[in-house]
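Encoded as structure tokens, the structure appears first; notes follow it.
Residue numbers (this note's numbering): 44 to 325.
Here it is in structure tokens:
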């Protein structure tokens, strides 16, 4: 593969992240130039893995797709990466940060649960899933940036829990089952009732415990000195954005049906730029 080919595939990764993971795309723009391509590669791989349950018609096909990614990681380690627009830039990132492949393998293992269509048993199980998915990809980001991975895991977990609530209306409309079974039972609600008679359900009561877990993790991150290290500036922007979303949810009574919750502000990139400038001065 020539440098030109790699450059083309790297741009493709950036475009995937820009289209499908815009929030993390925007913070990645403020990474050092030598880290930015690596971030786009691991985030693009994460997207390709995460979308599996949405693009397959049956669980077995999804398992084949997830296994394809595991074999792709093995090929990278063996020095024979597959000729794929995401795999090739990922191989370049893994040459510098080999542990990101294990992070992605753990994400593949966790995403296998998406194929069952069954909800998490309880809030602890949902948090464990958030640790493995959102926490796992943020750890991979931290490796590329040279930032603290323990802090990154907490940040990614908070991001995943708050993000799940933020995306809940769309997930439910798409037939997903993201709410823990125990929360549904405690509130005397079924998924079919939420889908068929959404106005009859106090969705905020179901979401509040999930958001509270996310806020606990986020509070720990914001108190962690590792977040102030210059290597963690991208993650610091991510933490600030998670705090913004937490406040927006709080103002909406933790009800994700409020339009302000799902929206990405038009001036978000400028907000990141101002914060990034302040972090450099601080």
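We put the beta carbon where it would ideally sit given N, CA and C, even for glycine.
Item, Value
"So the candidates are 158, 92, 318; which of them puts its Cα closest to the Cα of residue 103?", "158"
"Once DSSP output is grouped into helix, strand and coil, what is the label at residue 301?", "coil"
"Under the rule that 16 or more other beta-carbon atoms within 10 Å means buried, what is residue 287, buried or exposed?", "exposed"
"Under DSSP, the alpha helix (DSSP H) around residue 206 begins and ends at which residues?", "192-209"
"Just checking, does the region 127-142 make contact with the region 156-171 on the three C-beta pairs under 8 Å criterion?", "no"
"Mapping DSSP to helix, strand and coil, what is residue 307?", "coil"
"Evaluate residue 260 with the Cβ neighbour count: other Cβ atoms within 10 Å of its Cβ, from every protein chain shown; 16 or more gives buried, anything less gives exposed.", "buried"
"Flag this pair as yes or no: are the beta carbons of residue 93 and residue 148 separated by less than 9 Å?", "no"
"From the DSSP output, in three-state form, read off residue 55 for me.", "helix"
"With a CB to CB cut of under 8 Å and the five nearest residues on each side skipped, what residues in its chain are close to residue 321?", "none"
"Under a three-way DSSP split, which group does residue 329 fall into?", "In the structure as shown, the chain begins at 44 and stops at 325. Residue 329 is therefore absent and cannot be evaluated."
"Please list, in chain order, all residues of the same chain as residue 232 whose beta carbon is under 6 Å from its beta carbon, the five residues on each side excluded.", "244"
"Could you check what DSSP says for residue 85 in three-state terms: helix, strand or coil?", "helix"
"Cα separation between residue 195 and residue 179?", "9 Å"
"Check whether the region 53-69 and the region 303-320 are in contact - that is, three or more C-beta pairs closer than 8 Å.", "yes"
"Pairing CB atoms from the region 267-284 with CB atoms from the region 220-229, are three or more of them under 8 Å?", "no"
"Could you tell me the alpha carbon to alpha carbon distance between residue 234 and residue 77, rounded to whole angstroms?", "45 Å"
"Quick one, are the C-beta atoms of residue 247 and residue 197 less than 9 Å apart?", "no"
"Are there 16 or more other CB atoms within 10 angstroms of the CB of residue 257, so buried, or fewer, so exposed?", "buried"
"Straight-line CA distance for residue 4 to residue 208?", "In this structure the chain extends from 44 to 325, so residue 4 is not present and cannot be described."
"Between residue 188 and residue 277, is the Cβ-Cβ spacing less than 9 Å?", "yes"
"What three-state label does DSSP hand residue 213 in the structure shown?", "helix"
"Taking C-alpha atoms, which residue in 118, 160, 152 lies nearest to residue 138?", "118"
"Just the C-alpha distance for residue 60 and residue 283, rounded to the nearest angstrom, thanks.", "20 Å"
"Give the secondary structure of residue 91 by DSSP, where H, G and I count as helix, E and B as strand, and everything else as coil.", "helix"
"Assign residue 257 to one of three DSSP states: helix, strand, or coil.", "helix"
"Measure the alpha-carbon distance for residue 168 versus residue 205 and round it to whole angstroms.", "15 Å"
"Are the beta-carbon atoms of residue 292 and residue 315 separated by less than 9 Å?", "no"
"Give me the residue from 289, 203, 144 with the minimum Cα distance to residue 173.", "203"
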